[in-house]
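Okay, structure first, notes after.
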Amino acid sequence: MNSTFNIANCTYATCSVEDYGQLRYIPSLAGNAFYLAVFCLACVAQILLGIRYRTWGFLVGMLGGIGLEMMGYISRIQLHFDDFNNNYFIIYLVGLTIGPAFFSGAIYICLARIIAVYGTRLSLLSPRAITVVFVGCDFFSLVLQAGGGALTSLDISPSLEQTGINMMIAGLASQVASTTVFCGICLQIVFSIHTRPGLINRNSAALRKRLTFKLFLSAIAIATVTILIRCSFRVAELSEGFGSALANDQVMFMVLDGAMMSLAVLALSIGHPGPALGTMMWEQGGFKLLGGKSKKVERRIAYDLTGTPQVAFSRRRMTGARREVVGK
1 MNSTFNIANC TYATCSVEDY GQLRYIPSLA GNAFYLAVFC LACVAQILLG IRYRTWGFLV
61 GMLGGIGLEM MGYISRIQLH FDDFNNNYFI IYLVGLTIGP AFFSGAIYIC LARIIAVYGT
121 RLSLLSPRAI TVVFVGCDFF SLVLQAGGGA LTSLDISPSL EQTGINMMIA GLASQVASTT
181 VFCGICLQIV FSIHTRPGLI NRNSAALRKR LTFKLFLSAI AIATVTILIR CSFRVAELSE
241 GFGSALANDQ VMFMVLDGAM MSLAVLALSI GHPGPALGTM MWEQGGFKLL GGKSKKVERR
301 IAYDLTGTPQ VAFSRRRMTG ARREVVGK
């Protein structure tokens with residue numbers, strides 16, 4: 001090779017993938033096309049369900065994550081035909097690295113609604129605190145990962161590239177930490193449900209028995225665990241560098257990243273919060289971020305036999321209404 005050698009000019013006929021490829025293997029066309037198809041189907045399902053039930057916050061998070069995953073797998077398909085192209089590699093790296101952070105944000109805003117169904121007294125933290133803290137942590141990890149990806153894409157110097165990698169690792173590690181704490185909060189709520197049944201909101205009994213609600217809870221659990229597994233894998237992968245054996249193990253990537261995220265989006269599409277909670281419950285189960293301190297959520301919401309939220313009236317209000325009628 002002479003001094004004018006440029007990797008960008010490499011082809012499979014002239015250069016070795018093991019020596020000059022962005023990945024030390026040729027990405028599987030069938031495998032990556034399959035994952036792309038999964039995310040395309042999930043995208044359609046999320047749009048239809050999100051519009052139907054007006055779960056706007058959840059929809060934004062899911063579409064953000066799915067869009068980045070689709071972008072990443074399109075780039076991996078392009079790498080199948082040209083594994084020496086640095087632009088394809090960067091787009092794949094950034095897309096598949098930060099995409100799951102959006103899924104985490106969508107999951108976090110669901111917990112406030114779940115607490116509203118079971119009763120706010122079962123949780124150590126209020127729905128507002130849980131949403132603000134975890135979405136804030138998710139945003140922080142997203143900024144680190146995106147910033148690291150931007151530095152890595154500049155390709156100015158090895159030291160700057162390593163700084164970008166370190167930022168991405170820090171972002172992924174913070175996502176692992178926040179997801180782990182989130183799992184702990186969920187387990188605490190489950191423990192309280194089983195040990196303190198007297199605190200469970202009795203108005204929501206019919207809703208909690210519905211198959212759609214059970215699917216919703218299962219989807220949250222599956223997606224949370226798969227995201228945790230995937231992020232842990234990516235931390236280990238990036239910490240060893242792009243040239244490491246782990247970073248260039250296609251089977252490990254396809255199983256611990258592709259399969260995990262596919263399971264997450266499929267679960268959150270089948271167990272979508274819209275059919276589980278309905279439009280009114282989704283809206284009433286949230287809160288205004290800048291509003292004053294709200295009353296107990298379950299006191300503002302009642303449920304009929306079909307699990308549809310209705311406006312709840314307290315005894316005090318009913319008594320006041322009777323006095324007003326008598327006075328007239």
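Residue numbers are given in full-length UniProt numbering: position 204 of the sequence shown equals residue 204, and the series is strictly consecutive. Just so it is clear, CB atoms sit at the ideal spot from N, CA and C, and this is done for glycine as well. A quick note: this is a predicted structure, and the numbers were derived from the prediction, not measured.
Spatial distance of F253 from N201 (CA atoms): The residue labelled residue 253 in the question sits at position 253 within the sequence shown. The residue labelled residue 201 in the question sits at position 201 within the sequence shown. F253 and N201: Cα-Cα distance of roughly 43 Å.
Per-residue burial, I109 [other beta carbons within 10 Å of its own, 16 or more giving buried]: In the sequence shown, residue 109 corresponds to position 109, counting from 1. Result: buried.
DSSP three-state assignment for P127, whether helix, strand or coil: Residue 127 sits at position 127 when you count from the first residue of the sequence shown. Residue state, collapsed to three classes: helix.
Beta-carbon proximity of L79 to Q22, cut-off 8 Å: Counting from one through the sequence shown, the residue named residue 79 turns up at place 79. Counting from one through the sequence shown, the residue named residue 22 turns up at place 22. In this structure, Q22 lies closer than 8 Å to L79 by Cβ.
For I222, three-class secondary structure by DSSP: What you label residue 222 is simply residue 222 of the sequence shown in a count that begins at 1. The three-state reading of DSSP puts I222 in helix, counting H, G and I together.
Helix, strand or coil at N32 according to DSSP, with G and I counted as helix: The residue given as residue 32 occupies position 32 in the sequence shown. Note: N32 maps to helix in three-state DSSP.
Buried versus exposed, by CB contacts within 10 Å (16 or more), D19: For this step, residue 19 is matched to residue 19 along the sequence shown. By the beta-carbon neighbour count (other beta carbons within 10 angstroms, threshold 16), D19 is exposed.
Buried or exposed by the 16-neighbour rule on C-beta atoms within 10 Å, applied to I227: One-based indexing of the sequence shown puts residue 227 at position 227. Buried, because 16 or more other Cβ atoms sit within 10 Å of the Cβ of I227.
Distance CB(G149)-CB(I98) smaller than 8 Å: Position 149 of the sequence shown, counted from the first residue, corresponds to residue 149. Position 98 of the sequence shown, counted from the first residue, corresponds to residue 98. Contact flag set, yes.
Beta-carbon spacing of F84, I7 below 8 Å: Working through the sequence shown from its first residue, we reach residue 84 at position 84. Working through the sequence shown from its first residue, we reach residue 7 at position 7. Result yes, Cβ atoms of F84 and I7 sit closer than 8 Å.
Cβ contact check for the stretch 119-127 and the stretch 143-159: 3 or more pairs under 8 Å: no
Span separating the alpha-carbon of I189 from that of L215: Here residue 189 corresponds to residue number 189 of the sequence shown, with the count starting at 1. Here residue 215 corresponds to residue number 215 of the sequence shown, with the count starting at 1. Looking at the two C-alpha atoms, the distance is approximately 18 Å.
Local Cβ density within 10 Å of T11, reported as buried at 16 or more and exposed below that: Position 11 of the sequence shown, counted from the start, is the residue given in the question as residue 11. Looking at its Cβ environment, which holds fewer than 16 other Cβ atoms inside 10 Å, T11 is exposed.
Supposed close pair R54, T279 - CB separation, criterion 8 Å: Reading the sequence shown from its first residue, position 54 is the one you call residue 54. Reading the sequence shown from its first residue, position 279 is the one you call residue 279. 5 Å between Cβ atoms; contact.
Cβ-Cβ distance between D249 and R234 below 8 Å: For the purposes of this step, residue 249 is taken as the residue at position 249 of the sequence shown. For the purposes of this step, residue 234 is taken as the residue at position 234 of the sequence shown. No, they are not a contact pair.
Euclidean distance between Cα positions of L263 and I66: Start at 1 with the first residue of the sequence shown, and residue 263 comes out as number 263. Start at 1 with the first residue of the sequence shown, and residue 66 comes out as number 66. In a straight line, the C-alpha of L263 is about 12 Å away from that of I66.
Within-8 Å CB hit, L211 to chain C: Going by chain labels, chain C is absent from the structure shown, which holds only one protein chain.
Per-residue DSSP class, three states only, for I107: Indexing the sequence shown from 1 puts residue 107 at position 107. Of the three classes helix, strand and coil, the one that applies to I107 here is helix, per DSSP.
Spatially closest choice to M261 from E240, N32, S178, A13, by CA coordinates: Your numbering for residue 261 matches position 261 in the sequence shown. Answer by Cα proximity: N32.
Cβ neighbours of F139 in the same chain (closer than 8 Å, five flanking residues each side left out): Sequence index remark: in the sequence shown, residue 139 carries index 139 (1-based). Excluding positions up to five away in sequence, the list reads G105.
Sequence-distant residues of the same chain with beta carbon closer than 6 Å to I115, five excluded per side: In the sequence shown, residue 115 corresponds to position 115, counting from 1. These residues qualify, in order along the chain: S123, P127.
Residue range of the alpha helix (DSSP H) that includes C183: Translated into positions along the sequence shown, residue 183 becomes position 183. First-last of the alpha helix (DSSP H) with C183: 158-195.
Nearest-angstrom beta carbon gap, C183 and T224 [assumed within contact, 8 Å]: Stepping through the sequence shown from its first residue, residue 224 is reached at position 224. Stepping through the sequence shown from its first residue, residue 183 is reached at position 183. In this structure T224 is in contact with C183, their Cβ atoms being roughly 6 Å apart against a cut-off of 8 Å.
7 Å CB neighbourhood of Y25 in its chain, flanking five on each side removed: Taking the sequence shown and counting its residues from 1, one reaches residue 25 at position 25. Only V17, N248, Q250 meet the Cβ criterion.
Segment limits, alpha helix (DSSP H) that includes Y20: Translated into positions along the sequence shown, residue 20 becomes position 20. It spans 17-20 - the alpha helix (DSSP H) in which Y20 sits, taken as one unbroken run.
Option nearest G146 by Cα separation, candidates G136, E240, S157, L172: Along the sequence shown, one-based indexing puts residue 146 at 146. In the sequence as presented, Gly is not what sits at residue 146; that position holds Ala. Considering only alpha carbons, the answer is L172.
Segment limits, alpha helix (DSSP H) that includes S204: One-based indexing of the sequence shown puts residue 204 at position 204. Here S204 belongs to no alpha helix (DSSP H), and DSSP marks it neither H nor E.
Beta-carbon proximity of G136 to S218, cut-off 8 Å: Taking the sequence shown and counting its residues from 1, the one referred to as residue 136 is at position 136. Taking the sequence shown and counting its residues from 1, the one referred to as residue 218 is at position 218. Going by C-beta atoms, G136 is not nearer than 8 Å to S218.
Whole alpha helix (DSSP H) elements within the stretch 45-107, 4-residue minimum: Within the stretch 45-107, the runs of alpha helix (DSSP H) that reach at least 4 residues and sit entirely inside it are, in chain order, 56-81.
Runs of alpha helix (DSSP H) wholly within the stretch 229-283 (minimum 4 residues, chain order): 250-253, 260-270
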